[in-house]
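**Student:**
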Amino acid sequence: MTDEQPAHRYTAALAGRIERRWQDHWEQHGTYHAPNPVGPLAGPVPEDKLFVQDMFPYPSGAGLHVGHPLGFIGTDVFARYHRMNGRNVLHTMGFDAFGLPAEQYAVQTGQHPRKTTEDNIQTYLRQIRRLGLGHDERRRISTIDPEYYRWTQWIFLKIFHSWYDPAAGKARPISDLEAQFTSGERATPDGRPWAGLTAGERQAVLNEHRLVYLSDAPVNWVPGLGTVVSNEEVTADGRSERGNFPVFRRNLRQWMMRITAYADRLIDDLDRLDWPDKVKAMQRNWIGRSHGARVRFTVGDPQDADVEVFTTRPDTLFGATYLVLAPEHPLVDAITAPAWPSDVDGRWTGGADTPAAAVAAYRRTASTKSDLDRQENKEKTGVFTGAHATNPVNGARIPVFIADYVLMGYGTGAIMAVPGQDQRDWDFATEFGLPVVRTVAPPEDFDGEAFTGDGPAVNSGFLDGLGIAEAKKAIIAWLTEHDHGHGTIQYKLRDWLFSRQRYWGEPFPVVYDEDGTAIALPESMLPVALPEVDDYSPRTFDPEDADTVPSPPLSRATDWVEVELDLGDGPKTYRRDTNTMPNWAGSCWYQLRYVDPTDQDRFCAPENERYWLGPQSPGDPGGVDLYIGGVEHAVLHLLYARFWQKVLYDLGEVSGVEPYRRLFNQGYIQAYAYTDERGVYVNAGEVVEEGGKFFFDGKEVRREYGKMGKSLRNVVTPDEMCEAYGADTFRLYEMSMGPMEVSRPWATKDVVGAQRFLQRLWRNLVDEETGALRVTDAEPDEATLRLLHKTIAGVHDDYANLRYNTAGAKLIELNNHVTKSFPDGAPRLVAEAVVQMLAPLCPHVAEELWQRLGGAESLAHGPFPSADERYLVEDTVEYPIQVNGKVRGRVTVPAGAGQDEVKAAALAEEKVAVLVGSGAPRKVIVVPGRLVNIVL
RNA sequence: GCCCCCGUAGCCCAACAGGCAGAGGCAGCCCCCUUAAAAGGGGUCGAGUGCCGGUUCGAAUCCGGUCGGGGGCACCA
């Protein structure tokens, strides 16, 4: 059938030939090479630059489906548009190739992860090359390349050798801290002079301050993965984000990064970013800053201990009728009374004979509950410790409980319970028969339980009558003055757990001496290469078995682990750290390496960093000009990368405080999937629709909507689309489906619309039978010029604002006009402009047509047409005339007509005149250039 | 439970800062080309904007409520 088609029709086959030709051309000519100010990639640089970046892809073994390139094409169109308009555009793509998925894929396929990962990268590169993305391929990087991770390790060392100086509000070299201790400017923790401490003691003191430190705190242990993971990688229901395995809290010695030191700056600088509000909100929420106070309660009869609580509502202190400690709270044993008071409430004892027995039993039950159980079951439980505390503000004697609704991990692990103003406390108080004292007067008509709204303080002594805000101030001043507490800020954010017990990651540039002291390796020993091992598979465990311990694969590489080094005091034997970094490490700084991918001496030359990523104006945080990716990294990658950027900024290594100035979340391409009567997925490509029902192989199937994936049997690949329609058609279709940020269903049957448009456009310029150019030297008429310039103006605006769907529509509209008005071929003037405007969306066919039109050079660097104002202003305006808000007629008046003129013309219009009748209208509204509304 | 976003022709989507509901594509229908067909050409049909109420001369657009869909957070003191 194809042999019947005209020889020069723009078919998939022709598109394919054109596309391959131009892809080769671009590669050979380095069309998308963006010059740097200095270094190996230096060249003449225009002042006006643009750095566009896609979120670091992981080269999956499954290859791409049509959803993946959506963002890549989006950035490419934006980059091409700006490149055509004269800017120096940096756009490239590398690979985030370390990490669990790569390792799991390798284990599955029985091949070394380096092999599978590198193969996958090749597949990926082949797939994205076919899409015609204008990448500077000199800047391809991969996190698994030792020349890349050498600098990841280098940054780790920088962070390790730093501490956060709260006084300066920034990170400083640890040597500054050491100098402060040496000079006595800063006292040692126990007051001894610095010189009096042993070397080990000094290191221990410094380690307390480092931004990277080893910690024995409880961490998230995932036996099913054989590794620990960070808080950010644990889902709300207490399972691992990857693999969905149970997560257990265990004390393990692990590397942590002190991201909490940056909590305030990470929140405050969000205001300086051009990011979706949703993502900002998620980060604010994750960091969870809350202002409140710490209050000390004396516990015991007589005084045994001070229990400190954190509260965001210190103003309600007079209403605290009991205290609650987390079951794991370290003071519980100390305060638990030897016996119940004689009049103890039966509900408080848990049926035990002594408080100690009750506490032990309660702790046992609590520890067997998973986080999920705790969350799902919001019934309040707890037991009385037999102890009482004294409310510092009024001397009231209040009982102390333990209950699992108080979490050890937040605040101080202890609360003052104010049932009158807190629903959780209300629920507990109701369950246990505890008194309620309202300290904020609810409105008259309030019929709820705890009242959390604002109102005047009551039952609160010197606070009475004050609103919440003033009462907080007053009570904090009182607590401070009487040494019962102080105002404070609390964060939900925890330090970042930075080690993994996996093979496929960056090794730590750290060794341990015979005492087990961690020693950072000197820069000269970087990179610490990942050793080749036979058995790289992680030791995983029964996912439910909490009592297992991690066993890093690197610990089995004994001849790598034991190493003889001269670290200053002669050759000695050390043990290497056998953990690897989390896969987030590589993506924390990759934009810096894109800027200077081949620099041997530094992770990025400062001149290049300033040019591409530096602040552009006072107050500008700096960063990538447009960063496109999915919303799923809102608090993982994006938070970690911001943290590293800030540390590097504090240390003077980079000029901007933020890595990504503007963030844009593209939507997802989703797809229908179909299941048969057994619930088994059937090949979605073979399902047919009939009368609103769906059939596969003649049998009705059920339709569901969601992701595209192998197991759902609904994957459509860009390769298939390029084969069947060509890459330009595919690009155009993806960009036409809707606005970039909206998720939408994939519909292969709709792709033909994009292809028809390109065929029509091609036909307007090229004779389908002979291949000859069909462009004429005819002067376009006025109407065509008006439409042309209106289109140019609109398309500029659309491209600049990522509205590619409407840009495409405007080009179709213009082309339709050309088809109708110029059956003998397009006027050259119009043809050239159309081709130029098409180029960002469909670069191959645009290059081809441009060349046929006589363009000597690639269209990649322009020209791009600009609109002539002359054709944008109309000489006449058609006004719709509304009568009481309904359109009843229309008049055409000169564009310069005054309001009175328009009004007169409107009233004279015959249909309107009939409606208005003889009486005068009550009101006539003339909206200049828009419409007339007559109110009767 | 709390917070955020979205509901416009059969489907995907336009409509800038309240001013004529339709730019574009798919499907449908008609016609042309064709022995025939369509991934060809030309044309055409099609919703009053989820629902209720308010503000306004005028509401898809602003406000309140409600229903439906999607997302985030969730015993964080």
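Adding 577 to a residue's 1-based position in the first sequence gives its number in my numbering. Ideal Cβ placement from N, Cα and C applies to all residues, glycine included.
Residue ranges of each alpha helix (DSSP H) run of no fewer than 4 residues wholly in the region 905-959, ordered along the chain?
**Tutor:** Runs found: 909-912, 932-945 and 948-953.
**Student:** Exposed or buried, which one is Arg1507 when buried takes at least 16 other CB atoms within 10 Å?
**Tutor:** The residue in question, Arg1507, is exposed, as its Cβ has fewer than 16 Cβ neighbours within 10 Å.
**Student:** Have a look at Ile1066 and Gly869 and give me their C-alpha separation to the nearest angstrom.
**Tutor:** Approximately 6 Å, taken between the alpha carbons.
**Student:** Nearest-angstrom Cα distance between Thr587 and Asn1242?
**Tutor:** In the sequence on display, residue 587 carries Tyr and not Thr. Cα-Cα distance, rounded: 34 Å.
**Student:** Going by Cα to Cα distance, which pick from Tyr1251, Glu1230, Asp1202 and Tyr1226 is closest to Arg1239?
**Tutor:** Minimum Cα distance to Arg1239 is reached at Asp1202.
**Student:** Compute the distance between the beta-carbons of Asp753 and Thr720, then report whether it is under 7 Å.
**Tutor:** No, they are not a contact pair.
**Student:** Since I believe Thr608 is in contact with Ala1261 (beta carbons under 8 Å), could you give me their beta-carbon distance rounded to a whole number of angstroms?
**Tutor:** That pair is no contact at about 38 Å.
**Student:** Quick check on Glu810: buried or exposed, where buried means 16 or more other Cβ atoms within 10 Å of its Cβ?
**Tutor:** Answer is buried; the Cβ neighbour count reaches 16.
**Student:** Using only CA atoms, which one of Leu734, Thr1175 and Ala1248 lies nearest to Arg1321?
**Tutor:** Taking only the C-alpha atoms, the option nearest Arg1321 is Ala1248.
**Student:** Among Thr1294, Pro621 and Val856, which one has its Cα closest to the Cα of Leu641?
**Tutor:** Taking only the C-alpha atoms, the option nearest Leu641 is Thr1294.
**Student:** If distances are taken between C-alpha atoms only, which option among Phe874, Thr889 and Ser1288 comes closest to Gly547?
**Tutor:** There is no way to answer for residue 547, as the model of the chain reaches only from 578 to 1513.
**Student:** Quick one: grab the DSSP three-state call for Arg1351.
**Tutor:** Here Arg1351 sits in coil by DSSP.
**Student:** Quick one: Cα of Leu1335 to Cα of Tyr1237, how far?
**Tutor:** Each residue's Cα considered, the two are about 36 Å apart.
**Student:** Relative to the C-alpha of Val643, which candidate in Asp1296, Glu1359 and Leu1492 has its C-alpha closest?
**Tutor:** Of the listed residues, the one whose Cα sits closest to Val643 is Asp1296.
**Student:** Apart from the five residues just before and just after Val824, which ones in its own chain have a Cβ nearer than 8 Å to its Cβ?
**Tutor:** For Val824, where only same-chain residues beyond five positions count, the Cβ hits under 8 Å are Asn797, Trp798, Val799, Val806, Val811, Gly815, Arg816, Ser817 and Asp948.
**Student:** Pick from Thr729, Tyr982 and Gly620: whose alpha carbon is nearest that of Ala1162?
**Tutor:** The shortest C-alpha separation from Ala1162 is found at Thr729.
**Student:** From the DSSP output, read off the bridge partner residues of Ala748.
**Tutor:** For Ala748, which the question treats as bridged, DSSP gives the partners Tyr741.
**Student:** Between the alpha carbons of Ile705 and Met670, how many angstroms are there, rounded?
**Tutor:** The alpha-carbon atoms of Ile705 and Met670 are separated by roughly 10 Å.
**Student:** DSSP on Ser637, reduced to helix/strand/coil?
**Tutor:** Three-state result, Ser637: coil.
**Student:** Could you tell me which residues DSSP pairs with Glu564 in its beta bridges?
**Tutor:** Beyond the ends of the chain as shown, which are 578 and 1513, falls residue 564; an answer cannot be given.
**Student:** For the alpha helix (DSSP H) holding Ile1205, just list the boundary residues, first then last.
**Tutor:** Taken as a continuous stretch (DSSP letters only), Ile1205 belongs to no alpha helix (DSSP H), being part of the beta strand (DSSP E) at Leu1203 to Gly1206.
**Student:** Taking the beta strand (DSSP E) that Tyr899 falls in, what are its first and last residues?
**Tutor:** Unbroken beta strand (DSSP E) run through Tyr899: Tyr899 to Leu902.
**Student:** Grouping DSSP H, G and I as helix and E and B as strand, with all else coil, what is Gln630?
**Tutor:** In the structure shown, Gln630 sits in a strand (DSSP, three-state: E or B).
**Student:** Going by C-alpha to C-alpha distance, which of Pro678, Val1412, Gln1332 and His1394 sits closest to Phe1441?
**Tutor:** Among Pro678, Val1412, Gln1332 and His1394, the Cα nearest to that of Phe1441 belongs to Val1412.
**Student:** Helix, strand or coil for Met578? Go by DSSP, reduced to three states.
**Tutor:** Its pLDDT being 38, under 50, Met578 is placed unreliably in this model, and the value from its coordinates should be taken loosely. Here Met578 sits in coil by DSSP.
**Student:** Looking only at its own chain, which residues have a Cβ that is under 6 Å from the Cβ of Phe1005, when we skip the five neighbours before and after it?
**Tutor:** Contacts found: Lys957.
**Student:** Mind checking which residues open and close the alpha helix (DSSP H) that includes Gly593?
**Tutor:** From DSSP, the alpha helix (DSSP H) with Gly593 extends over Ala589 to His606.
**Student:** I need the boundaries of the alpha helix (DSSP H) containing Lys1050, first residue and last residue.
**Tutor:** Here the alpha helix (DSSP H) through Lys1050 covers Ile1045 to Glu1058.
**Student:** To the nearest angstrom, report how far apart Val1512 and Leu1484 are at their CA atoms.
**Tutor:** About 11 Å.
**Student:** If you follow the alpha helix (DSSP H) that Ser1164 is part of, which residue opens it and which one closes it?
**Tutor:** Where Ser1164 is concerned, the enclosing alpha helix (DSSP H) stretches over Trp1161 to Ser1164.
**Student:** In angstroms with no decimal places, state the Cα-to-Cα distance between Ala1408 and Asp1445.
**Tutor:** Cα to Cα, Ala1408 sits roughly 16 Å from Asp1445.
**Student:** Taking all protein chains shown into account, do 16 or more other C-beta atoms lie within 10 angstroms of the C-beta of Asn862, making it buried, or fewer, making it exposed?
**Tutor:** It counts as exposed.
**Student:** Taking three-plus beta-carbon pairs below 8 Å as touching, is the region 1220-1227 in contact with the region 835-853?
**Tutor:** Flag = yes, the region 1220-1227 and the region 835-853 touch.
**Student:** Starting from Glu875, trace the beta strand (DSSP E) both ways and give me its first and last residue.
**Tutor:** For the record, residue 875 in the displayed sequence is Thr; it is not Glu. Per DSSP, Thr875 belongs to the beta strand (DSSP E) from Ser867 to Val876.
**Student:** In chain order, what are the residue ranges of uninterrupted alpha helix (DSSP H) at least 4 long that sit wholly in the region 1253-1325?
**Tutor:** If we require 4 residues or more, the alpha helix (DSSP H) runs fully inside the region 1253-1325 come out as 1295-1302 and 1304-1313.
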